[in-house]
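According to this note's numbering, the sequence shown is numbered sequentially starting from -1.
The beta carbon of each residue, even a glycine, is placed where N, CA and C say it ideally should be.
All values derive from a computational prediction rather than experimental measurement.
For reference, the structure is listed below as structure tokens.
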Amino acid sequence: MNSNSLVSIDDISRDEIVDLLKQARYFEMHPDQKILDGKVVATLFFEPSTRTRLSFETAVNRLGGRVIGFSDASTTSSSKGETLKDTIKMVSNYVDLIIMRHHLEGAARYATEVTDTPVINAGDGAHQHPSQTMLDLYSIYKTQGTLQNLSITMVGDLKYGRTVHSLLMAMRYFNPTFHFIACEELQMPKEYKDFCDKYNIRYYEHRDFTPEVINQSDILYMTRVQRERFTDIMEYERVKNLYTLRSDMLEGARKNMRVLHPLPRVNEIAYDVDDSPHAYYFEQARNGLYARQAIICKALGIDIPKMEITL
Ligand code: CP
């Protein structure tokens, strides 16, 4: 395995996370550079994506590198039965870095085992989405001025939501308090609650989406109920609209509170929230460009300046 790979947010230390945030800050101020001249990056998306793929590809393009890849695996030889192992080994012949999304948990880890080319996990099933976490951390830092001692409320699909799993793990360095709002079927899995216990992270579980919880939050992290993760479509229909944020629910929110969402949204944030000063999800997606520029440079071993930030 190439040690520059990023499969799980747990693969990198607190110092590495902080360095990536400092570099994201640098790229926000200097997004156009020619530091990937001669580098070729593959984006292999076996699952649909808008933000992750396009922001990774924009990141490479703005840094002067080139991109190959696919956004629809049905147009590749996977549809003829080529294995993931063979696909990764083939692509490794052509590129300096592989960025991949796959519906199977563990697919990115498996890829690192069959190639020496660095691999960035752009989402593997319900497991991890570490580059999303870096942009989430950067967004939290930008809106709160710190990552320390924050109250973070996660709402919606906490069972299959890889973004909440990765974010929870990364926040262990920053003394958070979590509130988990989910129905019985979509609770935060035991392994992540055990993780909180192991690192003395406070967490509280709720079924109801009440003003009391919203009003004591610094970050309200909404998530989509993901139809594609359900084997029982009737269960999806039963739970898909249980938690919807409307603008009137934000009347008592802290001034600093920001609503984040990895997007895409379906019904979980009403459109009237978009005009609220608490809404930050579109800016959050923009931060993905800078965070991913930093992640790509780290994976390729390219040194770049770090801007000072105070956590
Ligand atoms: N947040 C996120 O992963 O969005 P996409 O599925 O559009 O990449």
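Beyond the five residues adjoining it in sequence on each side, N265 comes within less than 8 Å, by CB distance, of K238, N239 and T242 in the same chain, given in chain order. Counted as a single uninterrupted DSSP element, the beta strand (DSSP E) harbouring I118 occupies residues V117 to D122.
Per DSSP, Y279 lies in no beta strand (DSSP E); the unbroken alpha helix (DSSP H) holding it starts and ends at Y279 to A297. Under the three-pair Cβ rule at 8 Å, the region 38 to 57 counts as touching the region 120 to 138.
As DSSP reads the structure, R256 sits in a beta bridge with I217. Put simply, the region 104 to 115 does not touch the region 134 to 149. Fewer than three CB pairs are less than 8 Å apart. Residues whose Cβ lies closer than 5 Å to any heavy atom of the ligand CP, listed in chain order: S47, T48, R49, T50 and P260. Residue environment: F280 is assigned as exposed (fewer than 16 neighbouring CB atoms within 10 Å of its CB, all protein chains considered).
In the three-state DSSP reduction, F207 falls in the coil class, being neither helix nor strand. Looking at the DSSP output, G67 sits in a beta bridge with T41. Taken through DSSP and simplified to helix, strand or coil, H163 comes out as helix.
Here L102 is exposed. Its C-beta has fewer than 16 other C-beta atoms within 10 Å. Counting other Cβ atoms within 10 Å of its Cβ, D94 reaches 16 or more and is therefore classed as buried. In summary, T151 is buried, with 16 or more beta-carbon neighbours lying within 10 Å of its beta-carbon over all protein chains present. Here R49 has L261, A283 and G286 as same chain residues with Cβ atoms under 7 Å from its own Cβ, once five neighbours each way along the sequence are excluded.
Cβ-Cβ distances below 8 Å link S77 to A71 in the same chain, with the five nearest sequence neighbours on each side left out; the list follows chain order. The criterion of a C-beta distance shorter than 8 Å is satisfied by I212 and L248.
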